[in-house]
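Please read the structure below before turning to the comments.
Protein chains: 2
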Amino acid sequence: MSTRASATAPRGTYHHGDLKAALVAEAIKLVRIEGPNHLSLREVAANCKVSPSAAYHYFPDKDSLVSAIGDYCFQELARIQEEAISKVVGNSAKAAKARLRESGRSYFQWAKKDPNLFRLMFGGFCSINKTDEADQDPAYLVLVRVLDDLLTHGVITKAARQNAELAAWPAVHGATTLIIEGHIPEEAYEAVLDTIEAALGIK
Amino acid sequence: MSTRASATAPRGTYHHGDLKAALVAEAIKLVRIEGPNHLSLREVAANCKVSPSAAYHYFPDKDSLVSAIGDYCFQELARIQEEAISKVVGNSAKAAKARLRESGRSYFQWAKKDPNLFRLMFGGFCSINKTDEADQDPAYLVLVRVLDDLLTHGVITKAARQNAELAAWPAVHGATTLIIEGHIPEEAYEAVLDTIEAALGIK
DNA sequence: CCATAATCTGAACACCATTCAGATTAAAGG
DNA sequence: CCTTTAATCTGAATGGTGTTCAGATTATGG
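Protein sequences, first through last, are from chains A and B. Under UniProt numbering, the first residue of the first sequence is numbered 1, with each subsequent residue one higher. Under UniProt numbering, the first residue of the second sequence is numbered 1, with each subsequent residue one higher.
Right, dumping it as structure tokens:
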């Protein structure tokens, strides 16, 4: 999106340099602390040393800025997951199984680290573009790859591969949410991962 | 909490009658439409034909009113589930299995009917009182009963009964959220229920 | 019937999103 | 280099928000 200068550069000139990126970065910082509902566009602008109206040159309204945060977060979550599963090297069935577990763990760890960003992503704040099939949730594509890998290594059957995404993602996402919101204890998470493996017929 | 007159009674006298209940009822109505983040305390008060400051006699702040909505919703969800499983009569293994599925379906149907109330419940808006063990989420207790019933009828093993809640609730909750927010299609829900049965070793 | 406590109002303060006319500056063309 | 043009940001204004508090109104108990 933004190409020019540093997003956190101090304001010397009248023109900012890369205000759009700076606004998003500052908004993320604030949502992290105050939560998605208490985000103030004026505060974002002030912290960027810019008048409130300047933001409207890049975002038609506040919701649009929030959606930009959401877009960033979905990419970031996918990146984190990619990083986590790439740490489990090996072409074995055991490694493939470990990657499934790590993809689940990294999903939860991301949410635990920044609950407010997680709430923004899945709390109805940002409107995901579900129009196009191509620009699908990148984190979902990571999961697909992990599950394909399980089939390749014979860890799961072809029958289990059908709807395997539906055995993994809802459970992982639900457990994450319920822990974040204090409905089940964090210690329960590994047990949830066990139930996913059971649903897939692993072991 | 409130004991007196109808919550929706028109305003004839200076005193309202049961303002607290009226405020909660009106707030629910507005959250249903506008979503939890766009709730306005002033609008709630105005619709109750009362000055904004009147609300502060019953709620210390807006968040407290939102929490009251959450409390109501958790009770209501439990009631809906209770109603759903009570419709499946019979003391058989088949009936017990059907009740598990219906408890999952009713959870989703509740959320689908009022997504904004569901978002309020699990979006970090209301602070659940996790201090006491006694006043636990009533919907959770419904689930416990359904799972106990499965064990009694030999549908699941004693081993599967361990952590059975963790096989069911996260998957149901996660699937519900992901469908509501448009990440997976509604048609996938029954397949998710299948994976729960698989995780529990049913069939 | 009166005193007291409960309940609600009105006005105020500080903050918010959003709009728009106009000031400032960078970029492009001669 | 200088001027035109387009991009960018400001300042002020509008109408809405949560919250507080002194005071007006009404119900209740003695």
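Yeah, the Cβ is synthetic: ideal placement off N, Cα and C, and Gly gets one too. Only a predicted model underlies this, so the values are computations on that prediction, with no experimental measurement involved.
With Pro115/B and Ile180/B assumed to form a contact (beta carbons below 8 Å), what rounded beta-carbon distance in angstroms separates them? Pro115/B to Ile180/B, Cβ: 5 Å. Contact.
By the 10 Å Cβ neighbour count, where 16 or more other Cβ atoms means buried, how is Arg42/A classified, buried or exposed? It counts as exposed.
Taking the alpha helix (DSSP H) that Leu41/A falls in, what are its first and last residues? Here the alpha helix (DSSP H) through Leu41/A covers 41-47.
Tell me, please, whether the segment 46-60 of chain A touches the segment 90-99 of chain A by the rule of three or more beta-carbon pairs shorter than 8 Å. The segment 46-60 of chain A vs the segment 90-99 of chain A: no contact.
Short of 9 Å Cβ to Cβ, which residues in the segment 142-174 of chain A face chain B? Listed by position, the residues of the segment 142-174 of chain A near chain B (Cβ gap below 9 Å) are Ala160, Gln162, Asn163, Ala164, Glu165, Leu166, Ala167, Ala168, Trp169, Pro170, Ala171, Val172, His173, Gly174.
Count the other C-beta atoms from every protein chain shown that fall within 10 angstroms of the C-beta of Thr8/B, then say buried if there are 16 or more, exposed otherwise. A caution first: Thr8/B carries a pLDDT of 44, below 50, which makes its placement in the model too unreliable to give a value.
Three-way DSSP call (helix, strand, coil) for Pro60/A in this model: Looking at Pro60/A - three-state DSSP - the assignment turns out to be coil, as it is neither helix nor strand.
Since residue 206/A contacts Ala171/A with CB under 8 Å, what's their CB separation in whole angstroms? The requested residue 206/A is not part of the displayed model; chain A covers only 1 to 203.
What's the C-alpha gap between Tyr107/A and Ile80/A? Spanning the two alpha carbons is a distance of roughly 8 Å.
Proximal residues, the segment 37-64 of chain A versus chain B, C-beta separation under 7 Å: For the segment 37-64 of chain A, which is checked against every Cβ of chain B, the residues closer than 7 Å are Asn37.
May I have a chain-ordered list of the beta strand (DSSP E) segments no shorter than 3 residues that lie completely inside the segment 127-182 of chain B? Within the segment 127-182 of chain B, there are no complete beta strand (DSSP E) runs of at least 3 residues.
Residue of Glu165/B, His173/B, Ile184/B, Gly70/B minimising C-alpha distance to Ala188/A: Ala188/A has its Cα closest to that of Glu165/B, out of Glu165/B, His173/B, Ile184/B, Gly70/B.
Going straight from the alpha carbon of His16/A to that of Cys73/A, what length do you get? Each residue's alpha carbon lies about 24 Å from the other.
Locate the alpha helix (DSSP H) running through Glu102/B, then write down its first and last residues. Per DSSP, Glu102/B belongs to the alpha helix (DSSP H) from 93-113.
Interface residues of the segment 108-122 of chain A facing chain B [CB-CB below 8 Å]: Of all residues in the segment 108-122 of chain A, the ones placed with a Cβ closer than 8 Å to any Cβ belonging to chain B are Pro115, Asn116, Arg119, Phe122, in chain order.
Would you call Glu186/B buried or exposed, if buried means 16 or more other Cβ atoms sit within 10 Å of its Cβ? Classification for Glu186/B: exposed.
Of all the CB atoms in chain B, is at least one closer than 7 Å to the CB of Ala78/A? For Ala78/A, the answer is no, since every Cβ of chain B falls outside 7 Å of its Cβ.
Strictly under 7 Å for the Cβ-Cβ distance: is Ala22/A near chain B by that measure? With 7 Å as the cut-off, Ala22/A does not count as an interface residue toward chain B.
Count the other CB atoms, across all protein chains shown, that sit within 10 Å of the CB of Leu141/A; report buried if there are 16 or more and exposed otherwise. Counting Cβ neighbours within 10 Å, Leu141/A comes out exposed, since fewer than 16 surround it.
Nearest to Val66/A (by Cα), restricted to the options Ser103/A, Lys20/A, Thr177/A: Of Ser103/A, Lys20/A, Thr177/A, the residue nearest in Cα terms is Lys20/A.
Reduced DSSP secondary structure (H/G/I, E/B, other) of His38/A: Assigned with DSSP and collapsed to three states, His38/A falls in helix.
CA-to-CA distance, Arg101/B to Val144/B, given in whole angstroms: Distance between the alpha carbons of Val144/B and Arg101/B: 14 Å.
Could you tell me the alpha carbon to alpha carbon distance between Met1/A and Leu77/B, rounded to whole angstroms? For Met1/A, the predicted model reports a pLDDT of 34, less than 50, meaning its position is unreliable; a value from the coordinates is still stated below. So the two alpha carbons sit approximately 43 Å from each other.
is_contact[Glu34/B, chain A] using C-beta, thresh 7 Å: Glu34/B does not count as touching chain A.
Determine the DSSP secondary structure at Leu200/B, reduced to helix, strand or coil. Here Leu200/B sits in coil by DSSP.
Would you please verify whether the beta carbon of Val192/A is less than 7 Å from any beta carbon of chain B? Yes - at least one Cβ of chain B is within 7 Å of the one on Val192/A.
Residue environment, Asp149/A, which counts as buried when at least 16 other CB atoms sit within 10 Å: When all chains shown are included, Asp149/A counts as buried.
Spatial distance of Lys158/A from Leu151/A (CA atoms): If you take the alpha carbons of Lys158/A and Leu151/A, they lie about 7 Å apart.
Distance check for Ala175/A and Ala168/A, CA to CA, integer angstroms please. Using only the alpha carbons, I get a separation of about 11 Å.
Within its chain, find whatever has a CB closer than 8 Å to the CB of Ala139/A; leave out the 5 residues flanking it on each side and keep chain order. So the list reads Phe74, Leu77, Ala78, Gln81, Tyr107, once near-sequence residues are dropped.
Please report the distance separating the alpha-carbon of Glu190/B from that of Val146/B. Using only the alpha carbons, I get a separation of about 18 Å.
Is the shortest distance between the beta-carbon of residue 217/A and the beta-carbons of chain B less than 7 Å? Nothing about residue 217/A can be reported from this structure: the residues present for chain A run from 1 to 203 only.
Can you find a C-beta in chain A that's less than 7 Å from the C-beta of Glu186/B? Glu186/B does not count as touching chain A.
Is there a Cβ of chain B sitting closer than 7 Å to that of Leu178/A, yes or no? Interface residue, yes.
Mark Pro52/B as exposed unless 16 or more other C-beta atoms lie within 10 angstroms of its C-beta, in which case mark it buried. Around the beta carbon of Pro52/B, a 10 Å sphere encloses fewer than 16 other beta carbons of the protein chains shown; the residue is thus reported as exposed.
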